[in-house]
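Each residue of the sequence shown is one higher than the one before, starting from 17 at the first, in the numbering used here. Worksheet: the structure to be examined is printed underneath.
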Amino acid sequence: MAVTPPLRTVDTGAGFRHPLYQVMLETPGLTVGTAVLDDLLSWGLTKAMWIFPMATSCCGIEFMATAASRVDIDRMGVIVRATPRQADVMVVAGTITTKMAPRVLKLWEQMPEPKWCIAMGSCAISGDFYRNLYSVVPGIDTFLPVDVYVPGCPPNPEALMHGMMRLQEKIQRQRKGENVVPELNPDLLKITQPSVPRLNEATRSPTQTLEQERASENPTVDEETDPLVVPTSEPVPGLAPLAGADFQALLKELGVAELPTDGPPVIPAAQHLELARRLKGLGYRQLVTIAASHWPAGKGRKGADPAEVEHHEIAYALRTVGAGSRLAIWAVKVPVADPVLTLAGVFAGADWQEREQFDLVGVRFAGHPDLRRIMQTENATTHPLRREFPADAHLAPWR
Ligand code: SF4
């Protein structure tokens with residue numbers, strides 16, 4: 017199959033050797049008029065660069081400060097526009113994940129030409145200390161043509177301003193016909209070599225670029241998950257209603273005589289939904305967290321135990337609201353193949369927290385109304401917080 021040339025390439029300046037441009041240069045007198053006009057256009061171009069902000073994390077705060085009174089980037093003619101359609105420069109300030117990357121690329125492609133890109137901060141440049149994490153893109157130049165890198169963690173507003181000035185300089189030199197090639201530090205490139213070759217690397221395959229473009233065309237396709245419909249509205253029989261009893265008394269009733277010292281008490285899976293309901297009735301109205309962990313066979317909370325089967329342990333925390341707030345924490349332990357009853361019918365906030373634990377750990381929540389992935393890309397097939405998952409796993413075409 018014929019491979020279409022990639023749309024996104026690093027500008028080598030070759031376009032400025034156009035034959036028409038050469039004729040203009042060589043016609044006596046013509047350059048006098050065009051040079052003045054060209055200088056005026058270049059001046060206008062570099063003094064009216066509108067930024068599309070792609071600020072995702074802490075660097076975004078420094079980016080915002082650049083517009084404040086101390087630096088006041090407005091005085092360079094820079095206006096921040098929250099739309100790609102009227103912007104000239106995309107400033108990527110912060111960590112970009114594999115789930116964001118197709119959206120960022122789509123926004124980049126909605127910006128009209130000519131356009132430029134600034135990578136602000138070490139996360140945008142190389143992924144920084146998250147670069148080996150399953151979810152992080154190891155540098156935005158693996159899918160965007162970056163013109164200026166502004167290093168730092170975070171770079172301060174003055175550094176971003178300096179980056180804008182370097183970009184102005186680069187544009188002016190390019191408009192004068194100079195071939196401005198990207199500055200490369202080969203030793204640094206070796207150290208920060210990502211699993212996906214950067215756009216300006218010789219080993220980069222056009223297929224990689226095409227795959228990224230295709231992935232950005234429709235990144236919102238949801239995967240199919242089997243709906244596990246288990247009736248959850250009926251209380252578990254066998255428990256008398258409680259009035260005025262506190263959490264520990266409730267635990268005793270559930271057969272937890274002693275509170276363990278190495279973690280939350282483990283509640284039988286069949287009673288955990290009823291426990292949540294009763295606690296809510298006792299004033300524990302806020303769901304603080306749901307956090308699951310995966311334990312391989314022979315391992316458990318207390319360390320190595322040959323009798324332990326592969327299991328999930330899901331911890332829940334509720335608190336009472338108002339002064340003198342109290343916490344209720346418990347855990348449920350189930351073999352990996354078994355689902356756990358959802359709390360989505362008792363606490364609305366359980367909905368997305370359970371989706372997160374399903375996505376990252378692989379716990380199935382029976383009766384959940386919409387058990388879809390929430391953190392990872394829609395086409396992910398793995399659960400990265402399981403013990404066997406390699407920390408630096410690749411996820412094509414982004415990392
Ligand atoms: S480079 Fe540093 S400050 Fe910027 S987003 Fe990354 S961690 Fe935050």
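Yeah, the Cβ is synthetic: ideal placement off N, Cα and C, and Gly gets one too. The model shown is predicted, which means the values in this text are computed figures rather than measured ones.
query                                                                                                               : result
Member of 300, 203, 313, 318 whose CA lies at the smallest distance from the CA of residue 280                      : 318
Those residues which DSSP pairs with residue 303 across a bridge                                                    : 334
For residue 360 and residue 385, the rounded distance between their alpha carbons                                   : 8 Å
Buried versus exposed call for residue 399 [16 or more other C-beta atoms within 10 Å across all chains shown]      : buried
Residue range of the beta strand (DSSP E) that includes residue 346                                                 : 343-351
Where the beta strand (DSSP E) containing residue 69 begins and where it ends                                       : 66-71
Own chain, CB closer than 8 Å to residue 101, minus 5 neighbours either side, in chain order                        : 126, 127, 128
Nearest-angstrom Cα separation, counted from residue 109 out to residue 70                                          : 6 Å
Environment of residue 407 [buried if 16+ CB atoms lie within 10 Å]                                                 : exposed
Residue 329 classed as buried or exposed, judged by whether at least 16 other C-beta atoms fall within 10 angstroms : buried
C-beta atoms of residue 381 and residue 358 nearer than 8 Å                                                         : yes
C-beta atoms of residue 365 and residue 336 nearer than 8 Å                                                         : no
Continuous alpha helix (DSSP H) assignments of at least 4 residues falling wholly in the region 31-95               : 35-42, 46-62, 74-82
Buried versus exposed call for residue 57 [16 or more other C-beta atoms within 10 Å across all chains shown]       : exposed
Cβ-based burial, residue 137 [other Cβ within 10 Å; buried from 16]                                                 : buried
For residue 315, the residue or residues it bridges with in DSSP                                                    : 320
Buried versus exposed call for residue 76 [16 or more other C-beta atoms within 10 Å across all chains shown]       : buried
Check whether residue 334 and residue 295 have beta carbons under 8 Å apart                                         : yes
Residue 415 to residue 311 span [Cα, whole Å]                                                                       : 27 Å
Residue 109: first and last residue of the uninterrupted beta strand (DSSP E) it sits in                            : 105-109
Residues surrounding the ligand SF4 [beta-carbon distance to nearest heavy atom under 6 Å]                          : 73, 74, 75, 110, 111, 137, 138, 139, 144, 169, 170
Assigned secondary structure, residue 405 (DSSP; H/G/I helix, E/B strand, else coil)                                : coil
Beta-bridge partners of residue 357, as assigned by DSSP                                                            : 382
Selection from 158, 74, 289 that minimises the alpha carbon distance to residue 227                                 : 158
Whether residue 65 touches residue 90 by CB criterion (8 Å)                                                         : no
Nearest residue (CA-CA) to residue 315, options 291, 99, 351                                                        : 351
Beta-carbon proximity check, residue 411 vs residue 150, cutoff 8 Å                                                 : yes
Which listed residue (35, 234, 309, 166) has its alpha carbon closest to that of residue 116                        : 234
CB of residue 362 within 8 Å of CB of residue 293, strictly                                                         : yes
Reduced DSSP secondary structure (H/G/I, E/B, other) of residue 197                                                 : coil
Cβ neighbour criterion (16 or more within 10 Å) applied to residue 135                                              : buried
Three-state secondary structure (DSSP) of residue 391                                                               : coil
Close Cβ partners of residue 87 (< 6 Å) along its chain, the five nearest in sequence each way excluded             : 173, 177
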